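Participant: Quick note on the numbering used here: the sequence shown kicks off at 12 and runs consecutively.
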Amino acid sequence: MITINNLSVSFSGVELFDNVSFVVSDKDKIGLVGKNGAGKSTIMKIIAKKEPLQKGTIIIPKYQSIGYLPQEMIPLQTMTVIEQALTAFSEVQLLEKEIKELEREIENNTNYESVEYQQLLTQHYDCLEKSRLIDAQNAQAQTEKILLGLGFTRNDFDRKVTEFSSGWQMRIELAKILLKRPNTLLLDEPTNHLDIESIRWLESFLINYFGAVILVSHDRTFLDNITKRTIEITAGKIYDYKAGYSQYVEILEQRRQRQQATLTNQQRQIAQIEKFVERFRYKSSKAKQVQSKIKLIEKMSLETIDEVDTSMIHFKFPPPPHSGKVVLRIKSLSKSYGEKEVLKNIDLTISKGDKIAFVGKNGEGKTTLSKIIVGQLTDYSGEFELGHNVVIGYFAQNQAALLDGEKTVFETIDDIAKGEARNRIRSILGSFLFDENDIEKKVKVLSGGEKTRLALAKLILAPINLLVLDEPTNHLDMPSKDILKNALIHYEGTLVLVSHDRDFLCGLTTTLYEFKNKTIKEFKGDVFDYLSFKQIEDLKELELSSNRKEEKLQKTESQNKIDYNQAKEEERKKRKQEKEVERIEKEIEKIENEIKNLDEILSNEESFNNIENISIFFEEYENKKEELKNLMQKWEESIL
12 MITINNLSVS FSGVELFDNV SFVVSDKDKI GLVGKNGAGK STIMKIIAKK
62 EPLQKGTIII PKYQSIGYLP QEMIPLQTMT VIEQALTAFS EVQLLEKEIK
112 ELEREIENNT NYESVEYQQL LTQHYDCLEK SRLIDAQNAQ AQTEKILLGL
162 GFTRNDFDRK VTEFSSGWQM RIELAKILLK RPNTLLLDEP TNHLDIESIR
212 WLESFLINYF GAVILVSHDR TFLDNITKRT IEITAGKIYD YKAGYSQYVE
262 ILEQRRQRQQ ATLTNQQRQI AQIEKFVERF RYKSSKAKQV QSKIKLIEKM
312 SLETIDEVDT SMIHFKFPPP PHSGKVVLRI KSLSKSYGEK EVLKNIDLTI
362 SKGDKIAFVG KNGEGKTTLS KIIVGQLTDY SGEFELGHNV VIGYFAQNQA
412 ALLDGEKTVF ETIDDIAKGE ARNRIRSILG SFLFDENDIE KKVKVLSGGE
462 KTRLALAKLI LAPINLLVLD EPTNHLDMPS KDILKNALIH YEGTLVLVSH
512 DRDFLCGLTT TLYEFKNKTI KEFKGDVFDY LSFKQIEDLK ELELSSNRKE
562 EKLQKTESQN KIDYNQAKEE ERKKRKQEKE VERIEKEIEK IENEIKNLDE
612 ILSNEESFNN IENISIFFEE YENKKEELKN LMQKWEESIL
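1) Can you tell which of S176, N194, S125, A368 has the C-alpha that lies nearest to the C-alpha of D481?
2) Just curious, the alpha helix (DSSP H) that I531 is in, first and last residue?
3) Using the C-alpha atoms, what's the distance from L307 back to K645?
4) Where does T14 fall in DSSP's three states?
5) Three-state secondary structure (DSSP) at E396?
6) Indicate whether the contact test is met: 3 or more Cβ pairs, each with one atom in the stretch 428-446 and one in the stretch 385-403, closer than 8 Å.
7) Compare the beta carbon distance of L499 and R464 with 9 Å and say whether it is the shorter of the two.
8) Between which two residues does the alpha helix (DSSP H) holding E352 run?
9) At what residues does the alpha helix (DSSP H) containing V288 begin and finish?
10) Who are the near neighbours of D365 in its chain, counting only those whose CB is closer than 6 Å to its CB and skipping five residues on each side?
11) Within 10 Å of its beta-carbon, does T423 have 16 or more other beta-carbons around it, so buried, or fewer, so exposed?
12) On the DSSP bridge assignment, give the partners of G404 in chain order.
13) Please determine if the stretch 107-119 and the stretch 213-223 are in contact, where contact requires at least 3 C-beta pairs separated by less than 8 Å.
14) Go ahead and pull the three-state DSSP assignment for E631.
15) Beta carbon of N194, beta carbon of I218: below 9 Å?
16) Around the Cβ of Y123, are there at least 16 other Cβ atoms within 10 angstroms (buried) or fewer (exposed)?
17) Kindly identify the DSSP beta-bridge partner or partners of D251.
18) Counting only the same chain and skipping the five closest in sequence on each side, list residues whose C-beta sits under 7 Å from that of C138.
19) Please list, in chain order, all residues of the same chain as K566 whose beta carbon is under 7 Å from its beta carbon, the five residues on each side excluded.
20) Does the count of Cβ pairs from the stretch 68-77 and the stretch 254-272 closer than 8 Å reach three?
21) Can you tell which of L189, P332, T522, D512 has the C-alpha that lies nearest to the C-alpha of I655?
22) With a 10 Å radius around its C-beta and 16 neighbouring C-beta atoms as the bar for buried, classify S95 as buried or exposed.
23) Is G371 closer than 9 Å to D514 when the C-beta atoms are compared?
24) Keeping to the same chain, check which residues put their C-beta closer than 6 Å to that of D230; ignore five residues upstream and five downstream.
25) Would you mind stating whether F406 and L470 have Cβ atoms separated by less than 9 Å?
26) Is I69 helix, strand or coil when you go by DSSP?
27) Using the Cα positions of L27 and G48, report the straight-line distance between them to the nearest angstrom.
28) Keeping to the same chain, check which residues put their C-beta closer than 6 Å to that of I70; ignore five residues upstream and five downstream.
29) Could you tell me the alpha carbon to alpha carbon distance between N448 and T154, rounded to whole angstroms?
30) CA-CA distance, I595 and K587?
31) Between W212 and F233, what straight-line distance do the alpha-carbon atoms span, to the nearest angstrom?
32) Can you tell which of E461, K355, T360, V385 has its C-alpha closest to the C-alpha of E375?
33) Could you spell out the range, first to last residue, of the beta strand (DSSP E) harbouring E26?
34) Quick test of your reading: V227 and D251, contact by CB under 8 Å. State the CB separation rounded to the nearest angstrom.
35) If R170 and V92 are in contact, beta carbons under 8 Å, what's the gap, nearest whole angstrom?
36) Around the C-beta of N149, are 16 or more other C-beta atoms found within 10 angstroms, so that it is buried, or is it exposed?
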């Protein structure tokens, strides 16, 4: 359990948040949400001890281990992928040393009833449990499994880390964190560097993760599938909801509507009372009633409406110039990087008004084909023909990094604005949330989200009829993503979109092209139709695989029957044990919550004074603690 009390942070005199408090329980799955710049990453860094604590306290038990994945990092390693991933187990030696030291202390301590002896036993158990969870003896197999889940192939394992892009290097860092199996995972935008298949694998991993998970993500579907609790940071305060993201949005809106209705009713009552007071203020027969009404107004506490940051980008793409019916045609196109062939004999025709998505694993050629379409890559074989009067607008995957860091925000737009657009630079920047103070900032000091907004602003400076967007939602907060999506839905030109964000793609594109094994395959339908189809396809492959195994098993039927029955019995016992452990864990969680509620009463003077019978209260309190102790003992016996 991690406890944050009265945390306050300010930068350059500007308060980021004030007196923030919340508790992270051992199995919480939390989505940390809020606009870009609200302080989500800052809280993560403070918990991970990557930034100093300015004011307040954070209580992290000694046994608690934390794994932190930042948004961006520059890992400079000369190891191979598998070697770098296996460094996750380097702490095992230290852990084994600590276990031996604790065993020596336990052996020398003969005062079995002392607090120190009990603490030694607890520490020893925690170390053994952590060692079991890490499972260092199975390190190689675990490492390969997680690397494959995150999109690496076995051929990648022996390649140098430096051969991979920063996005793939971030995957290695994520793999190391998952392999360490810390009690608490802090993941800041983990899906930014993953493709759809890897995101789905990570979802499954995190849903079943034994410890706490705190996520910062602008992927609504990812949050909905994993989190059961949402902590929103807005206007310097936090709001804690026991709900996933979509449910939280509904609760927030319903609560604000109730607050508004209550406030309206209170204002109506006050108006009626004031009207009464004004009418009878000078009548002696009504003097007592008038004074009573005045005191009633003074005592009324007006309902407050949750403060919501309503600032958001607002823009639309200008009408596209007329183009030919065929926007582009590709025939038998192939592309290689040295000896590595990425695309082979690709055929593709895009017509005017099409809205298509490129999907598939990273490294399969989506960005490569995008660069060929926009003319950044010309060394390919095959035919590529751009249609009549096609004007291209391109947002590169690393578009934010391509901005000149030494230029100001204003200069970035001013350098490329032409004609009438030059007179609207401040207005354009304002629609992307850059105010008068922001426009003179140098690009290098902007956040990832601000750089993305600036890159998007460049796209609306001139009319275009073919938009090619490669991962445009990275670093954008959810409201900004929704507005971009709405602008693209109403865009009248042709759209080619590379994205791993399922919620963003949903309802935006009608045709998907899956990139796999150097080729592309057309799929008509929505992204969730595609994912559903892929799941069925995979099950068919699994079924075929099972049938082949069955044919082999029939050759040694009698022995296999014995092995099967034994395995079945073992599996039955295992399932029974797992169900019992699950039942006990639910009971433990229930009792822990009840004790927590009692602790809150004890810590609150007003609540404590309202206790009717102190002796009964403390008797209940001790019974709960004893019940928890017995359950913990049962749990320990069940997992051994």
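Built from N, CA and C at the ideal position, the CB exists for glycine as well.
From a predicted model like this one, the values you see are computed outputs, not experimental measurements.
Facilitator: Once the coordinates are examined:
1) Position 470 of the sequence shown, counted from the first residue, corresponds to residue 481. Per the Cα distances, A368.
2) For the purposes of this step, residue 531 is identified with residue 520 of the sequence shown, where counting begins at 1. Careful: I531 lies outside any alpha helix (DSSP H), inside the beta strand (DSSP E) at 530-535.
3) Working through the sequence shown from its first residue, we reach residue 645 at position 634. Working through the sequence shown from its first residue, we reach residue 307 at position 296. Whole-angstrom Cα-Cα distance: 57 Å.
4) Start at 1 with the first residue of the sequence shown, and residue 14 comes out as number 3. Strand at T14.
5) Numbered from 1 along the sequence shown, position 385 holds the residue referred to as residue 396. Three-state DSSP puts E396 in a strand.
6) Under the Cβ criterion (8 Å, minimum of three pairs), the stretch 428-446 does not count as touching the stretch 385-403.
7) Taking the sequence shown and counting its residues from 1, one reaches residue 499 at position 488. Taking the sequence shown and counting its residues from 1, one reaches residue 464 at position 453. For L499 and R464, no; Cβs fall outside 9 Å.
8) Counted from its first residue, the sequence shown places residue 352 at position 341. Note, E352: premise wrong, no alpha helix (DSSP H); beta strand (DSSP E) at 351-362.
9) As a working note, residue 288 is residue 277 in the sequence shown. Here the alpha helix (DSSP H) through V288 covers 256-291.
10) Residue 365 sits at position 354 when you count from the first residue of the sequence shown. For D365, where only same-chain residues beyond five positions count, the Cβ hits under 6 Å are T505.
11) The residue labelled residue 423 in the question sits at position 412 within the sequence shown. Buried, since its Cβ has 16 or more Cβ neighbours within 10 Å.
12) In the sequence shown, counting from the first residue as 1, residue 404 sits at position 393. Per DSSP, L478.
13) no
14) Indexing the sequence shown from 1 puts residue 631 at position 620. DSSP places E631 within a helical segment (H, G or I) once states are collapsed to three.
15) Here residue 194 corresponds to residue number 183 of the sequence shown, with the count starting at 1. Here residue 218 corresponds to residue number 207 of the sequence shown, with the count starting at 1. No, these two residues do not count as a Cβ contact at 9 Å.
16) Along the sequence shown, read from residue 1 onward, the residue named residue 123 stands at position 112. Y123 comes out exposed.
17) Numbered from 1 along the sequence shown, position 240 holds the residue referred to as residue 251. Secondary-structure assignment with DSSP links D251 through a beta bridge to I242.
18) In the sequence shown, residue 138 corresponds to position 127, counting from 1. Closer than 7 Å at the Cβ level, and outside the excluded window around C138, lie L106, E109, I110, L113.
19) Along the sequence shown, one-based indexing puts residue 566 at 555. Caution applies to K566, whose pLDDT of 49 falls short of 50 and renders its modelled position unreliable; the model cannot decide the point.
20) no
21) Here the chain covers residues 12 to 651 and nothing more, so residue 655 does not appear.
22) The residue you call residue 95 lines up with position 84 of the sequence shown. A quick correction: the sequence has Gln, not Ser, at residue 95. Result: buried.
23) As a first step, residue 514 must be located in the sequence shown, where it is residue number 503. As a first step, residue 371 must be located in the sequence shown, where it is residue number 360. No.
24) Mapped onto the sequence shown, residue 230 falls at position 219. Answer for D230: T202, D512, listed in chain order.
25) Start at 1 with the first residue of the sequence shown, and residue 406 comes out as number 395. Start at 1 with the first residue of the sequence shown, and residue 470 comes out as number 459. Closer than 9 Å, so yes.
26) By 1-based counting over the sequence shown, the position of residue 69 is 58. Strand.
27) To locate residue 27, count along the sequence shown from 1; it is residue 16. To locate residue 48, count along the sequence shown from 1; it is residue 37. Taking the straight line from one Cα to the other gives about 8 Å.
28) The sequence position of residue 70 within the sequence shown is 59, counting from 1. When the five nearest sequence neighbours on each side are left out, the beta carbons in the same chain lying within less than 6 Å of the beta carbon of I70 are those of T14, in order along the chain.
29) Here residue 448 is taken as the residue at index 437 of the sequence shown, counted from 1. Here residue 154 is taken as the residue at index 143 of the sequence shown, counted from 1. Each residue's alpha carbon lies about 48 Å from the other.
30) Indexing the sequence shown from 1 puts residue 595 at position 584. Indexing the sequence shown from 1 puts residue 587 at position 576. Looking at the two C-alpha atoms, the distance is approximately 12 Å.
31) Residue 212 sits at position 201 when you count from the first residue of the sequence shown. Residue 233 sits at position 222 when you count from the first residue of the sequence shown. About 11 Å.
32) Along the sequence shown, read from residue 1 onward, the residue named residue 375 stands at position 364. Measuring from the Cα of E375, the nearest candidate turns out to be K355.
33) The count along the sequence shown starts at 1 and reaches residue 26 at position 15. From DSSP, the beta strand (DSSP E) with E26 extends over 25-35.
34) Here residue 227 is taken as the residue at index 216 of the sequence shown, counted from 1. Here residue 251 is taken as the residue at index 240 of the sequence shown, counted from 1. Not confirmed; about 16 Å, so no contact.
35) Along the sequence shown, read from residue 1 onward, the residue named residue 170 stands at position 159. Along the sequence shown, read from residue 1 onward, the residue named residue 92 stands at position 81. At roughly 6 Å, the Cβ-Cβ gap stays under 8 Å, so R170 and V92 are in contact.
36) As a working note, residue 149 is residue 138 in the sequence shown. Counting Cβ neighbours within 10 Å, N149 comes out exposed, since fewer than 16 surround it.
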